[in-house]
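Protein chains in written order, with the UniProt record's numbering: chain F, 1 to 269; chain Z, 1 to 356.
Where is the CB? At the ideal position from N, CA and C, for every residue including glycine.
All figures in this text were calculated on a predicted structure; none of them were measured in a lab.
Below: the structure, in structure tokens.
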């Protein structure tokens, strides 16, 4: 075989020597810990690393754990509201920055919208903690929602802006040319066409909010603990098989949500 | 005469750049009016100002006598056919055509009837429930036309609508557009950089260059009697020769020219000693045809066979090269060979003398 042909740029990577081995190694590294957690969540032994026999008991105890269910409720509520707020702000920002004419300080505004992406989260969290104490906000839930809304905005903004960029702005002009007011143009033309972007952006915000630990941990208090913060408190008491069951349940839930989203995204393309 | 559009002292600046420089003209009702010019001449800017997508920096635009300056685009009874068609991709063709009617609060029955009528008009009835992405360029073009015509606008604006189509389709769409304009009786304002399109369809052509009007006339006038060198150059082909205005009286001037012929042309405000340009269209010159006013000797130096006609380049005795276009009227028509000596002739009435 010609050695040079191997490195032709258009050659399919699948045929590179060692592709299979590296691939197996990669997926093992990525998924083996997850498989171990799933397997041991069915372990009847209280000592996590010693297999005794199959059992559902940790699932039963997880689902009856008041603290766990409470933190799940907090996380879902926070994620829902934060997503709502972030998406509305992101859509507005994207419309102004992409469609507005003669917008002053457009570059700067874009930078501000995306700032939470560049800023180390710990800095953001401390800053917002100080702000809240200055404002005298007491409710833990409100603090969480406000903080999460703030750092979710760029995650909602980026897919929505990308969608607007890909959309021919002649379409909006055509609608106005055909007697549609700016508001009707938005509702009938712009909104349906950027809907996939809004969907992707809000999904991303939701996941980022559900997943957040640093900000939630620093801001929480006042009777609101999110799921990641609660799980971390469990870990500090030592890894229990119940934790494995909780992790497995979260994974299943994620898959159940992600699959239809993926299917919708695939179809709209 | 009723003016569909009246443009008075309109200008448009983008910062320091003057896209439109103090333009004034009127467009008659029920006219096929073309804005023609090279890219960057301001024709699209002008169209967008009429549509309401751009605000003039100065001047007045009137639609049937009403100043429309303060009206936003959605309140102007003017519809646009966009260059890239801009069909709504999430709506069927029928919904696309009905959109404007819906916005004007027509009843459902009236919308359905009008949509049907428009689909029929552009020969697209079987496609009513298709999505725009399932159409070819030419079909999208027709739907864009139907959509813009459906609300019966006072004026239809067309922004280079044929430029994305291939040659054959473009030619047949020309005829269709012209027919549509006659059938609907709506004033068409057509923007193009293609001089053939402009000549083929328009009642009147407005030639624009660098934001100013060069000439507004019928296609025939524009081609036969261009106002200046730019118009003569932009529309069709021609032979340019530098000339000097010699003696002159009030009616005519005599012109010294490189062909060495005696030439008197109407005095269009020329002054003695002025440098000017003489224009002679290639098809106005004949080869080996006796009995013409001016006769010169020359040698064929170049030949391009184009099927229906042949282009020659002839060098005259005084070393001027003239492009000559000859129709191939009968098969086995005489072909002249390179280097062959020929007589060329034309009538003095074909010559135009233009200011620079």
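Asked                                                                                                                                                                                                         : Found
Go through the region 80-162 of chain Z residue by residue and report every complete run of the alpha helix (DSSP H) that reaches 4 residues or more, in order.                                               : 93-103, 108-121, 137-149
What residues in its chain sit with their C-beta under 6 Å from that of residue 3 (chain Z), if we drop five residues either side in the sequence?                                                            : 26
For the structure I just gave you, are there three or more beta carbon pairs, one from the region 55-75 of chain Z and one from the region 227-239 of chain Z, closer than 8 Å?                               : no
Indicate the three-state DSSP secondary structure (helix, strand or coil) for residue 251 (chain F) in the structure shown.                                                                                   : helix
Identify, in the order they occur along the chain, each residue of the same chain with its Cβ nearer than 6 Å to the Cβ of residue 48 (chain Z), setting aside the five sequence neighbours on each side.     : 54
Is the separation between the beta-carbon of residue 132 (chain Z) and that of residue 173 (chain Z) shorter than 9 Å?                                                                                        : no
What residues in the region 44-67 of chain Z bring their beta carbon closer than 7 Å to a beta carbon of chain F?                                                                                             : 51, 53
Alpha carbon to alpha carbon, how far is residue 251 (chain Z) from residue 176 (chain Z)? Give it in angstroms, no decimals.                                                                                 : 45 Å
Whole angstroms are fine: how far does the CA of residue 222 (chain Z) sit from the CA of residue 170 (chain F)?                                                                                              : 33 Å
My guess is that residue 224 (chain F) and residue 22 (chain F) are in contact by the Cβ rule of under 8 Å, so how many angstroms apart are they, rounded?                                                    : Incorrect: roughly 45 Å between the Cβ atoms, too far for contact.
For chain F, is any of its Cβ atoms less than 9 Å away from the one on residue 201 (chain Z)?                                                                                                                 : no
State the CB to CB distance for the pair residue 147 (chain F) and residue 87 (chain F), rounded to an integer number of angstroms; the pair is presumed to be in contact (CB under 8 Å).                     : No, residue 147 (chain F) and residue 87 (chain F) are not in contact; Cβ-Cβ is about 16 Å, not under 8 Å.
Measure the CB-CB distance between residue 145 (chain Z) and residue 81 (chain Z) and report whether it falls below 9 Å.                                                                                      : yes
Kindly list, in the order they appear in chain F, the residues whose Cβ is closer than 8 Å to that of residue 86 (chain Z).                                                                                   : 168, 170, 171, 173, 174
Going along the chain, which residues of its own chain have a beta-carbon closer than 7 Å to the beta-carbon of residue 217 (chain Z), five neighbours each way excluded?                                     : 204, 205
May I have the straight-line CA-CA distance separating residue 261 (chain F) from residue 188 (chain Z), to the nearest angstrom?                                                                             : 47 Å
Does residue 124 (chain Z) come within less than 9 Å of chain F when only Cβ atoms are used?                                                                                                                  : no
Got a sec? Which residues, its chain only, sit under 6 Å from residue 42 (chain Z) by beta carbon, not counting five neighbours each side?                                                                    : 19, 20, 208, 211
Closest to residue 9 (chain Z) by C-alpha separation, out of Z:57, Z:153, Z:71, Z:45, would be which residue?                                                                                                 : Z:57
Of all the CB atoms in chain B, is at least one closer than 9 Å to the CB of residue 180 (chain F)?                                                                                                           : Judged by its chain identifiers, the structure shown contains no chain B, and its protein chains are F and Z.
Just to confirm the assignment: which complete beta strand (DSSP E) runs, minimum length 3, are found wholly within the region 174-234 of chain F?                                                            : none
With contact counted as at least three CB pairs below 8 Å, one residue from each stretch, are the region 154-174 of chain F and the region 37-48 of chain F in contact?                                       : no
Please tell me whether residue 183 (chain Z) and residue 121 (chain Z) are closer than 9 Å, where the distance is taken between their beta carbons.                                                           : yes
List the DSSP bridge partners of residue 222 (chain Z).                                                                                                                                                       : In the DSSP output, where bridge partners are listed per residue, residue 222 (chain Z) has none listed.
Quick check: residue 96 (chain Z) and residue 142 (chain Z), are their CB atoms within less than 9 Å of each other?                                                                                           : no
Report the residue from Z:180, Z:314, Z:137, Z:152 whose alpha carbon sits nearest the alpha carbon of residue 170 (chain Z).                                                                                 : Z:137
Starting from the C-beta of residue 234 (chain F), find all residues in its chain whose C-beta is less than 6 Å away, skip the five residues before and the five after it, and write them out in chain order. : 243
Within its chain, find whatever has a CB closer than 8 Å to the CB of residue 240 (chain Z); leave out the 5 residues flanking it on each side and keep chain order.                                          : 229, 232, 233, 277, 278, 279
In whole angstroms, give me the CA-to-CA distance for residue 33 (chain F) and residue 119 (chain F).                                                                                                         : 30 Å
Closest Cβ-Cβ distance between residue 160 (chain F) and chain Z: below 9 Å?                                                                                                                                  : no
For the putative contact between residue 175 (chain F) and residue 187 (chain F), defined by C-beta atoms under 8 Å, what is the C-beta separation to the nearest angstrom?                                   : The pair is not a contact, with the Cβ atoms about 10 Å apart (cut-off 8 Å).
Report back the beta-carbon spacing between residue 185 (chain F) and residue 37 (chain F) to the nearest angstrom; my notes put them in contact at under 8 Å.                                                : That pair is no contact at about 50 Å.
May I ask you to list, following chain order, the residues of the region 67-80 of chain Z that have a beta carbon less than 9 Å from some beta carbon of chain F?                                             : 72, 73, 74, 75, 76, 77, 78, 79, 80
Please name the residue or residues paired with residue 276 (chain Z) in a DSSP beta bridge.                                                                                                                  : Z:243
Less than 9 Å between CB atoms is the rule here; does residue 13 (chain Z) satisfy it with respect to chain F?                                                                                                : no
Please return the same chain residues whose Cβ sits closer than 8 Å to the Cβ of residue 38 (chain Z), not counting the five positions on each side in sequence.                                              : 193, 209, 234
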